[in-house]
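Residue numbers (the numbering used here): 298 to 490.
From the three backbone atoms N, C-alpha and C, an ideal C-beta is built for every residue, glycine too.
Let me begin by presenting the structure, written as structure tokens, before commenting on it.
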Amino acid sequence: MWLVVLWPLLALLDLGFTVLAMLLAPLIALFVRSDGYLPRWLWWFQTPDSRMDGCNGDANFCATHRPCWWTYVLWQWRNPCAGFSHWLGLVFDRPMIRQWGTAGEIGRLPVFRPGWHFRWVVDVRGRRAFEFAATWPSLFGRCWNIRIGYKLGNLYRDPTERIPIVHRCNPLSKRGPLPDSPAKAGFFTPWGG
């Protein structure tokens with residue numbers, strides 16, 4: 298239970314480091330090695346599961362950006378201090394996940410699937426964590442992109458993975474088109490449509 302209580306303090310610490318990463322991004326980008334990764338001493342700014350050009354982590358980003366200094370700056374702004382967030386994260390022992398909210402997947406790209414979910418995880422050692430995520434329409438054809446807590450959705454892929462802390466609230470995220478057919482795209486609305 299202490300992890301849930303401790304989360305606001307960890308989130309503030311991560312937020313401070315995020316601001317630092319955003320400000321230092323142009324300088325950090327100068328240190329990207331030829332293999333696309335930062336040196337070990339800058340690893341707190343490195344996205345653990347991707348090179349700094351985004352090609353391991355986001356096919357959409359990779360398709361629209363070529364590896365260069367500016368791409369590395371943009372990637373750091375997109376994923377500021379991801380290594381630090383990962384370090385603040387948690388590892389669970391046989392996690393059990395409960396989920397409330399929109400059935401199916403929510404998401405922004407390549408198809409916009411609005412909705413929300415709240416996930417709660419407890420493992421056999423009694424560790425607990427939460428995640429709230431939402432994608433809702435906003436202004437100018439954009440959407441809200443909210444994710445607070447821990448990236449618990451990663452546990453579905455690998456229950457032994459270290460789960461990073463997350464605090465994202467962007468009211469003007471890019472979004473894709475709505476799916477053509479609700480049944481075909483697995484789209485569910487929070488209001489039961």
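**Asked** Thinking C-alpha only, which one of T344, P392, R330, K471 is nearest R526?
**Response** The first residue shown for the chain is 298 and the last is 490, placing residue 526 beyond what the model contains.
**Asked** Which term fits K448, buried or exposed, when burial requires 16 or more other beta carbons within 10 angstroms of its beta carbon?
**Response** Per the 10 Å Cβ criterion, buried.
**C-beta atoms of V370 and I394 nearer than 7 Å** = Judged by their CB atoms, V370 and I394 are not nearer to each other than the 7 Å cut-off.
**Message:** Would P407 and G473 qualify as a contact pair, given that the criterion is a beta-carbon distance under 7 Å?
**Reply:** It is a contact, given that the beta carbons lie within the stated cut-off.
**Message:** Quick test of your reading: D257 and N353, contact by CB under 8 Å. State the CB separation rounded to the nearest angstrom.
**Reply:** The question about residue 257 has no answer, for the chain in this structure spans 298 to 490.
**Request:** Please name the residue, chosen from C359, M349, L339, S382, that lies closest to L307 on a Cα-to-Cα basis.
**Result:** Residue S382 is the option with its Cα nearest to L307.
**Helix, strand or coil at N357 [DSSP, three-state]** = The answer is helix: DSSP assigns N357 an H, G or I state.
**Item:** Counted within 10 angstroms of its Cβ, other Cβ atoms place M319 as buried (16 or more) or exposed
**Value:** Counting of Cβ neighbours within 10 angstroms places M319 among the exposed residues, the total staying below 16.
**Message:** Rounding to the nearest angstrom, what Cα-Cα distance links R348 and T315 in this structure?
**Reply:** Each residue's alpha carbon lies about 18 Å from the other.
**Message:** Just to confirm the assignment: which complete alpha helix (DSSP H) runs, minimum length 4, are found wholly within the region 359-446?
**Reply:** Correct list: 366-375, 379-384.
**Request:** Could you please give me the residues that DSSP links to S470 through a beta bridge?
**Result:** For S470, DSSP records a beta bridge to C440.
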